[in-house]
Every structure is written in structure tokens, then in C-alpha cells.
Amino acid sequence: MPPQLMLAAVHNGGFVALGYADDDAVAAGFVFGFVGIYDYHFRHHSHMLAVREPYRGSTLAVELKQAQRDHCLDQGIEVIGWTMDPLEARNATFNFAKLGAYTREYHRDFYGAMPDKLNAGLPSDRIYVEWPIGHDRTYKRLKGEDRPPTLEQAEAEGIRYLLKVEEGDRPGAVNAGRAGESHLLLAIPTQFQQLKAHDTGRALEWRLRVRAAFEAAFAKGYAAVEFLRAADGRGAYLLVPQPRREMPVDTDDA
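Following the numbering used here, the numbering of the sequence shown begins with 575 at its first residue and continues without gaps.
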């Protein structure tokens, strides 16, 4: 990211923050975003959030997002949006379970070909995440006062899978006929990057199957409002039908 562009964005309502650990002179992480217009409303687009490897799993990423949230609330902005790879379970846990974000948009090959090690060899599909920063649910998530149900709880409630992980870490068929149920689960592999490193063909199979599942769900008016984890590491998005302007949602019956 050219520093001149970041400086121009900050001078026009954007935001950048660096996070440091202990007395280290090198930043341990940063967040950068800028003001945009979406559905005829101002919002903040969070373009980049990164934390150095030794500090991943610490509170730094949350602290950076909180600083970004405070900045946007001071501007009168109510929503922060960003893109993420829907196959990255760790990021999904952070964005949905920790922050309380949701998504209702899927974009095929959003950035085109990307040569970096995280994206090389696959279409750069992304979901567009929306974070309602002024909502009470967001506040409670950041404080740790509102936790999502576990995947085991959702399964015990009888919530069925739109897409399931099959034997051998392969994606199952998309059960499009289940669209219309009050809740659905959309599973992804636990360690997608490891899977891709060992079997690019299977990684592409997952990319295309998750694409088909999300597009089918969003076409029927669903939104992904949680990412649920199981004790054994499995993970799945929780989908619920929602009118477009009524977000975030109450998922207490999950």
C-alpha cells in the first residue's frame, strides 16, 4: 500500500492505526480504512487489518478494530465493511463470533489473480462483511458478554446443513432444496491453507462448492450472521433469512 495513498485517505476522513507490543520499535499490527458510499449511505471500508505472527491470538487485532470503531462513531458512521475469504475459518471466527459482523454478499474472483502465497492458484472469491458498530450486540461481543452458540448446540437443535464436510475433508453436495428453513449451516474446512498446500484440486473444489452454497443462500434472502465452532475444531456459518435492511439479527433460537 503506497504511503502517499494512505496519507491522502486519512486527510479525507480515513483511518490508520498502528499497534505495538511491549517496547518493540516495530509495529506489531495495523488497520487501515477509508470513507465510502454503499447503498447511498456513508460507511467506512476497512481495507487492511494485519497482525504479525508472534502476536496473532492476542488482543491486538480486537484493539485495532475498537480504535477504528471509535473513530467511525465519532464521524457519525454506523457501519464498517470489508471483504474476507469465506474459506478462512480463523478470520471467520474473528469477524463473526468476536466482532458480531454478518454478510449477505458473495463476490466471485473479486480481486482477480493474486500471486501471494495465501491466494495463488485459486479465484479470489470474497464475502462482503458488514459490522454494525453502534449496535448493542456489537458492544456486547466486544466486551465478551454475548457469545454465539457452539456448533454442537446448533446440530442438537436440528439445524441442517446447506453444505457439509464429508469424509476425507471433501465438500458435500449443496442441499439447495433446504432453502426456506429458518436456520441453515454452511461448513468449511478447518485448515484451508494446509489443505491447499497439499491438494490444490481439492481446494478449488471447496472454493467452487462454497461459492455455489453462498450464492444459492443469498439469492433466497439468507444472511450469514454467525460462525460457529465445535470442540473438535469444525466450523460452519449460521444462515438465517433476513430482509436486507433489517440487520443485525436475533439468533437466540439457534
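Idealized CB from N, CA, C, for every residue including glycine. Small disclaimer: the values here were computed from a predicted structure and weren't measured.
Collapsed DSSP secondary structure at residue i in the structure displayed
i      : result
ALA583 : helix
VAL739 : strand
PHE684 : coil
PRO628 : helix
ALA828 : Confidence at ALA828 is low in this model, with a pLDDT of 41, below 50, so its placement is unreliable and no value can be given for it.
HIS645 : helix
PRO577 : helix
LEU634 : helix
TYR594 : coil
TYR713 : helix
Residue i versus the options, residue with shortest Cα-Cα distance
i      : options                           : result
ALA674 : PHE604, ALA663, ARG682 and HIS709 : Note that residue 674 is Gly in the sequence shown, not Ala. It is HIS709 whose Cα lies nearest to the Cα of GLY674.
TYR612 : GLU740, TYR811, GLU726 and VAL703 : VAL703
GLU800 : THR712, ARG752, GLY751 and GLU789 : THR712
GLY718 : ALA804, PHE668 and GLY610         : PHE668
GLY751 : LYS794, GLN578 and LEU782         : LYS794
Sequence-distant residues of its chain with Cβ nearer than 7 Å to residue i (five each side left out)
i      : result
GLU646 : Residue identity differs from the one stated: residue 646 is Cys in this sequence, not Glu. Result list for CYS646: HIS618, ILE654 and ILE707, in chain order.
VAL625 : ALA602, GLY603, LEU634 and ALA635
ARG715 : LYS672, LEU673 and GLY674
Spatial neighbours of residue i in its chain, beta-carbon cut-off 8 Å, leaving aside the 5 residues before and after
i      : result
PHE684 : THR657, SER698, ASP699 and ARG700
GLN640 : LEU716
Contacts around residue i, its chain only, beta-carbon distance under 6 Å, and the 5 residues preceding and following it disregarded
i      : result
ALA787 : LEU736, LEU737, VAL748 and LEU760
ARG643 : ILE707
Answer yes if the stretch 646 to 654 comes into contact with the stretch 685 to 695, meaning at least three C-beta pairs across the two stretches below 8 Å, and no otherwise. Output reads no: the stretch 646 to 654 does not touch the stretch 685 to 695.
Would you be able to state if there are at least three C-beta pairs under 8 Å between the stretch 728 to 738 and the stretch 751 to 759? Contact between the stretch 751 to 759 and the stretch 728 to 738 is present, because at least three Cβ pairs lie under 8 Å.
Three-pair Cβ contact test at 8 Å for the stretch 803 to 816 versus the stretch 760 to 777: Contact between the stretch 803 to 816 and the stretch 760 to 777 is present, because at least three Cβ pairs lie under 8 Å.
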